[in-house]
Every structure is written in C-alpha cells, then in structure tokens.
Amino acid sequence: MDDDRRKHERYTNEQLVLHVSRPGIGGILKLNPTAACLDFSRDGLQFASDQEFKISEQVVLDLLIYDIELDEIRGEIISHEQLDDGQCCHGVRFCMDDKRMQKRDTTQKLLLIEDRLRTAQEYPTT
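Numbering (the numbering used here), first residue to last: 8 to 133.
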C-alpha cells in the first residue's frame, strides 16, 4: 500500500495556479487581482487576494495544477474577511447551475483536483 500511495501524484494548495477576474466588461476594465488558493473542494474554494470582492459578487476563475486545467469557471463570493496583512480572504461557491459546470469533464476535473489536494494533506511528503 505504501508503494501505491507514493506513486499517486500529490499537490498542495500553493501549487494550484488561480486566476480570478470579474465577468464581462468589469473584468476588462479592472486589473485582475493576485490570488493564492487557501482551500479547495469540488463545490468551491477559498483564496487570499490583494483586492476586495463583495459578497454575492460574481467571479470567473481559471484553475491550473500541472496537467489539470479548467478555464472560465463561474463562481459567487460567499464570504469575505480582511486579514491583518492587508490581504482579503474570500470564499467562493462554484455556480453549479451554469451550463459549463454541468459537463461531465468539468465535474471530473474538479473531483480530480480535490482528490490530489486532499491526498497531499492526508499523506504529506517528507
């Protein structure tokens, strides 16, 4: 069992490349924030950013972790907290009723990302 676990690719939240933007013309006019993933699940994620988003604001997310890539995932800001270092922490719920989110490929990739990140937390590398 140890051999199988070691062959399984494991990624950390820091390895997830996350691009956050506002949809439509707002995403073009405003500079996209620098974002770092703090937590991830197939239903949503939590990220730290240098820009503030309002609760219920719509966002568009691009996710990349090695060979797994998802573009233009729709999400909604569900929580917001100002951190001491000037960063903002946001919770995002993926808009699962969006047509793109209902594709099997999208759901499989979200589950795969969640599995890879969770495995790294349960079995950290030494």
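Each residue gets a CB set at the ideal place from its N, CA and C atoms; glycine is no exception.
Cβ shell of residue i (< 6 Å), same chain only, five flanking positions each side left out
{"i": "C96", "result": "A55, E88, L90"}
{"i": "L77", "result": "L70, K116"}
Nonlocal neighbours in the same chain, by C-beta distance under 8 Å from residue i, ignoring five residues either side
{"i": "E21", "result": "A43, C44"}
{"i": "I75", "result": "K116, L119, I120, R123"}
Contacts around residue i, its chain only, beta-carbon distance under 7 Å, and the 5 residues preceding and following it disregarded
{"i": "F47", "result": "N20, L23, I120, E121, L124"}
{"i": "R2", "result": "This structure cannot settle anything about residue 2, because the visible part of the chain is limited to 8 through 133."}
{"i": "M103", "result": "none"}
{"i": "Q94", "result": "A55, S56, D57"}
Residue i versus the options, residue with shortest Cα-Cα distance
{"i": "G51", "options": "M108, T126, N39", "result": "M108"}
{"i": "E64", "options": "G93, I75, V27", "result": "V27"}
{"i": "E79", "options": "F101, T126, L118", "result": "F101"}
{"i": "D92", "options": "I32, P30, Q58", "result": "Q58"}
{"i": "K37", "options": "Y18, T126, F60, Q53", "result": "F60"}
{"i": "G31", "options": "I72, I84, T126, V67", "result": "V67"}
{"i": "I84", "options": "G98, I72, K110", "result": "G98"}
Exposure of residue i, with buried meaning 16 or more beta-carbon neighbours within 10 Å
{"i": "G82", "result": "buried"}
{"i": "M8", "result": "With a pLDDT of only 48 at M8, under 50, the local geometry of the prediction cannot be trusted, and the value read off the model is given with reservation. The residue in question, M8, is exposed, as its Cβ has fewer than 16 Cβ neighbours within 10 Å."}
{"i": "I62", "result": "exposed"}
{"i": "I35", "result": "exposed"}
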